[in-house]
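The block underneath contains the structure these notes are about, expressed in structure tokens.
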Amino acid sequence: MNVFIIDACRTPVGRYRGALSGARPDDLAATVLGALLRRNPEIRPDDVEDVWLGASNQAGEDNRNVARMAVLLAGLPLATGGVTVNRLCGSGLQAINSASAELRAGNGAIAIAGGVESMTRAPFVMPKPDSAFPREQLVFDTAIGWRLVNPKMPKEHTLSMGETAEVLAREYEIERTVQDEFALRSHRRAVAAQASGMFSDELVPVAVRRGKTEDVVTMDEGPRPDATIEALAKLPPVFVADGTVTAGNSSPLNDGAAACILATDEAVSRLHLRPVARVVATATAGVEPRRMGIGPVPAMLKALGRAGWSLDELEIVELNEAFAAQALAVLEELPIKDDRVNPLGGAIALGHPIGCSGARIMTTLVHQLMRRPSGTRAAATMCIGVGQGIATLLERA
Numbered sequence: 196m197n198v199f200i201i202d203a204c205r206t207p208v209g210r211y212r213g214a215l216s217g218a219r220p221d222d223l224a225a226t227v228l229g230a231l232l233r234r235n236p237e238i239r240p241d242d243v244e245d246v247w248l249g250a251s252n253q254a255g256e257d258n259r260n261v262a263r264m265a266v267l268l269a270g271l272p273l274a275t276g277g278v279t280v281n282r283l284c285g286s287g288l289q290a291i292n293s294a295s296a297e298l299r300a301g302n303g304a305i306a307i308a309g310g311v312e313s314m315t316r317a318p319f320v321m322p323k324p325d326s327a328f329p330r331e332q333l334v335f336d337t338a339i340g341w342r343l344v345n346p347k348m349p350k351e352h353t354l355s356m357g358e359t360a361e362v363l364a365r366e367y368e369i370e371r372t373v374q375d376e377f378a379l380r381s382h383r384r385a386v387a388a389q390a391s392g393m394f395s396d397e398l399v400p401v402a403v404r405r406g407k408t409e410d411v412v413t414m415d416e417g418p419r420p421d422a423t424i425e426a427l428a429k430l431p432p433v434f435v436a437d438g439t440v441t442a443g444n445s446s447p448l449n450d451g452a453a454a455c456i457l458a459t460d461e462a463v464s465r466l467h468l469r470p471v472a473r474v475v476a477t478a479t480a481g482v483e484p485r486r487m488g489i490g491p492v493p494a495m496l497k498a499l500g501r502a503g504w505s506l507d508e509l510e511i512v513e514l515n516e517a518f519a520a521q522a523l524a525v526l527e528e529l530p531i532k533d534d535r536v537n538p539l540g541g542a543i544a545l546g547h548p549i550g551c552s553g554a555r556i557m558t559t560l561v562h563q564l565m566r567r568p569s570g571t572r573a574a575a576t577m578c579i580g581v582g583q584g585i586a587t588l589l590e591r592a
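Going by our numbering, the sequence shown runs without a break in its numbering and finishes at 592.
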């Protein structure tokens with residue numbers, strides 16, 4: 196049985212404490228679900244078997260199964276299920292892959308899958324004390340990094356994400372200037388894509404209330420038209436004193452939601468749907484946590500093997516840019532032509548709302564495929580904290 200992507204859309208990606216800071220993550224997710232159904236009236240709400248959403252935090256307003264909450268907020272039937280999955284950075288893409296697998300197994304004909312994250316609204320947490328009169332109290336910001344780490348975990352497994360990027364920068368001898376140039380290219384491509392309206396069809400406006408007024412957010416906040424190599428060169432390293440990874444050549448903290456409609460070939464025929472792409476193969480793989488950024492390499496190779504494709508057959512590759520050093524290390528191992536990788540910019544410019552990001556790159560990929568001929572082959576892939584990678588291969592229907 197084949198599974199197809201019918202449509203995909205997303206909210207704009209907001210900066211940390213930016214335009215979407217007043218929007219709850221469950222509302223962001225519900226906004227996308229409602230938009231998908233309005234855009235595809237031939238699919239009735241009660242046709243949707245299940246809603247899969249990735250979310251990596253799940254410590255605040257995205258707790259208690261944000262997928263089910265979004266189903267209820269979006270007004271889908273009570274009979275529609277909702278499940279939240281967490282593969283950290285890969286959560287949104289995992290939700291799509293899992294929904295595809297469920298449909299392929301015969302468990303339904305139509306599903307919606309994607310991801311959501313509000314890093315702005317992620318709460319602070321503190322562990323319960325071990326004694327009645329604790330002498331100290333730890334408080335953790337759940338937006339980033341590890342918290343409540345098991346002391347049995349080897350220290351090299353608990354590096355921050357930025358420190359893992361420094362590991363790859365040293366291993367692959369990726370100079371600071373090369374990282375900054377990669378970051379600048381990401382911004383320039385994203386700015387050009389915005390200016391030419393390349394994101395228009397995938398974006399859903401979000402109304403955000405601020406006191407007595409309501410703002411409507413319609414554009415990604417991250418791309419910087421004023422970015423220059425000189426400005427990037429002035430930024431200090433963030434994670435290691437003599438390092439090369441800076442705020443400018445790393446992805447930022449962000450807010451956003453994205454999702455797609457998946458359908459079996461039977462549903463496509465019965466409802467006269469017009470599929471955009473077929474889900475051909477998916478894969479995940481584990482790597483050393485200290486080298487987590489290299490995760491897309493084994494995941495992509497595994498997916499390509501399952502599809503029987505070669506790397507040079509891929510005409511578009513959306514590679515999540517957690518860090519310039521990380522993305523460049525992956526491209527050392529997977530030599531893909533430059534103009535085929537993130538042609539509309541990547542996460543360094545557009546942002547990385549963690550649980551949403553996999554669905555965001557998939558949404559952008561799907562809309563690029565809409566402008567390509569049948570048979571075009573493409574991939575979405577990303578690294579994952581604690582040492583994993585994930586990949587999904589698509590073919591234009």
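Think of the CB as a built atom: it goes at the ideal place given N, C-alpha and C, for glycine as much as any other residue.
Need the endpoints of the beta strand (DSSP E) that T275 sits in, please. Within the sequence shown, the letter at position 80 stands for residue 275. Taken as a continuous stretch (DSSP letters only), T275 belongs to no beta strand (DSSP E), as it is neither H nor E.
Straight-line Cα distance separating S445 from R342: Locating residue 342 in the sequence shown gives position 147, where the first residue counts as 1. Locating residue 445 in the sequence shown gives position 250, where the first residue counts as 1. Whole-angstrom Cα-Cα distance: 21 angstroms.
The beta strand (DSSP E) with C578 in it runs from where to where? The sequence position of residue 578 within the sequence shown is 383, counting from 1. Run containing C578: 572–579, per the beta strand (DSSP E) assignment.
Residues near A472 by beta carbon distance below 7 angstroms, same chain, minus five either side: Indexing the sequence shown from 1 puts residue 472 at position 277. Once the five neighbours on either side are set aside, the close Cβ partners of A472 are F199, I200, V561, L564, L589, E590, R591, A592.
Option nearest N515 by Cα separation, candidates E425, E366, A574, P470: Taking the first residue of the sequence shown as 1, we reach residue 515 at position 320. When only C-alpha atoms are compared, the closest one is A574.
Tell me whether V311 counts as near the ligand ZN, meaning its Cβ is closer than 7 angstroms to at least one heavy atom of that ligand. Inclusion of the ligand ZN in the displayed structure is not the case, the ligand content being empty and no account of it being possible.
If you draw a straight line from the alpha carbon of M495 to that of V482, how long is it in whole angstroms? Working through the sequence shown from its first residue, we reach residue 495 at position 300. Working through the sequence shown from its first residue, we reach residue 482 at position 287. Taking the Cα positions, M495 is about 13 angstroms away from V482.
Just the Cα atoms here: how many angstroms apart are A390 and L545? Taking the sequence shown and counting its residues from 1, one reaches residue 390 at position 195. Taking the sequence shown and counting its residues from 1, one reaches residue 545 at position 350. Straight-line Cα distance between these residues: approximately 14 angstroms.
Report the rounded CA-to-CA distance for V525 versus A586, giving the unit in angstroms. The sequence position of residue 525 within the sequence shown is 330, counting from 1. The sequence position of residue 586 within the sequence shown is 391, counting from 1. Taking the straight line joining both Cα atoms gives about 13 angstroms.
For the beta strand (DSSP E) containing G541, name the first residue and the last one. Here residue 541 refers to the residue found at position 346 of the sequence shown. G541 -> no beta strand (DSSP E), and no H or E assigned at all.
Spatial neighbours of Q451 within its chain, please: CB distance less than 6 angstroms, with the 5 preceding and 5 following residues excluded, ordered by chain position. Counted from its first residue, the sequence shown places residue 451 at position 256. In the sequence as displayed, the identity of residue 451 is Gly instead of Gln. So the qualifying residues of the chain are T206, V208, P548, C551.
What did DSSP end up calling E256 once you bin it into helix, strand or coil? For the purposes of this step, residue 256 is taken as residue 61 along the sequence shown, with counting starting at 1. DSSP places E256 in coil when its eight states are reduced to three.
Given L468 as reference, the closest of G303, N281, P236, E409 once Cα atoms are compared: Here residue 468 corresponds to residue number 273 of the sequence shown, with the count starting at 1. Closest option to L468, Cα to Cα, is P236.
Which residue comes first and which comes last in the beta strand (DSSP E) that contains I585? The sequence position of residue 585 within the sequence shown is 390, counting from 1. 583–591 is the extent of the beta strand (DSSP E) around I585.
Assign P324 to buried or exposed, taking buried as 16 or more other Cβ atoms, counted over all protein chains shown, within 10 Å of its Cβ. Taking the sequence shown and counting its residues from 1, one reaches residue 324 at position 129. That one is exposed.
Three-state class that DSSP yields for E461 in the structure shown: Locating residue 461 in the sequence shown gives position 266, counting from the first residue. For E461, the secondary structure class from DSSP, reduced to helix, strand or coil, is helix.
Give the single residue among E508, I456, E527 whose Cα lies nearest to the Cα of N292. Taking the sequence shown and counting its residues from 1, one reaches residue 292 at position 97. Answer by Cα proximity: I456.
Roughly how many angstroms separate the alpha carbons of I543 and P447, rounded to a whole number? Position 348 of the sequence shown holds residue 543. Position 252 of the sequence shown holds residue 447. Cα to Cα, I543 sits roughly 7 angstroms from P447.
Check the C-beta distance from D245 over to V280 and give it rounded, since I have them as a contact under 8 angstroms. The residue given as residue 245 occupies position 50 in the sequence shown. The residue given as residue 280 occupies position 85 in the sequence shown. Not really, about 12 angstroms apart at Cβ, beyond 8 angstroms.
Return the first residue and the last residue of the beta strand (DSSP E) that A480 is part of. Position 285 of the sequence shown, counted from the first residue, corresponds to residue 480. It spans 472–481 - the beta strand (DSSP E) in which A480 sits, taken as one unbroken run.
Rounded separation between P220 and E256 - CA only: Working through the sequence shown from its first residue, we reach residue 220 at position 25. Working through the sequence shown from its first residue, we reach residue 256 at position 61. Looking at the two C-alpha atoms, the distance is approximately 7 angstroms.
Looking at G580 and L283, is the spacing between their C-beta atoms short of 8 angstroms? Stepping through the sequence shown from its first residue, residue 283 is reached at position 88. Stepping through the sequence shown from its first residue, residue 580 is reached at position 385. Cβ distance < 8 angstroms, so L283 and G580 count as in contact.
Are the CB atoms of A265 and L288 within a distance shorter than 8 angstroms? Counting from 1 along the sequence shown, the entry for residue 288 is found at position 93. Counting from 1 along the sequence shown, the entry for residue 265 is found at position 70. No, these two residues do not count as a Cβ contact at 8 angstroms.
If contacts are defined as beta-carbon pairs under 8 angstroms, then M167 and R299 qualify, I think. What distance do you get, rounded to the angstrom? Within the shown structure, residues of the chain are numbered from 196 to 592, placing residue 167 beyond reach of any answer.
Simplified DSSP assignment, three categories, for P432: Locating residue 432 in the sequence shown gives position 237, counting from the first residue. In the three-state DSSP reduction, P432 falls in the strand class (E or B).
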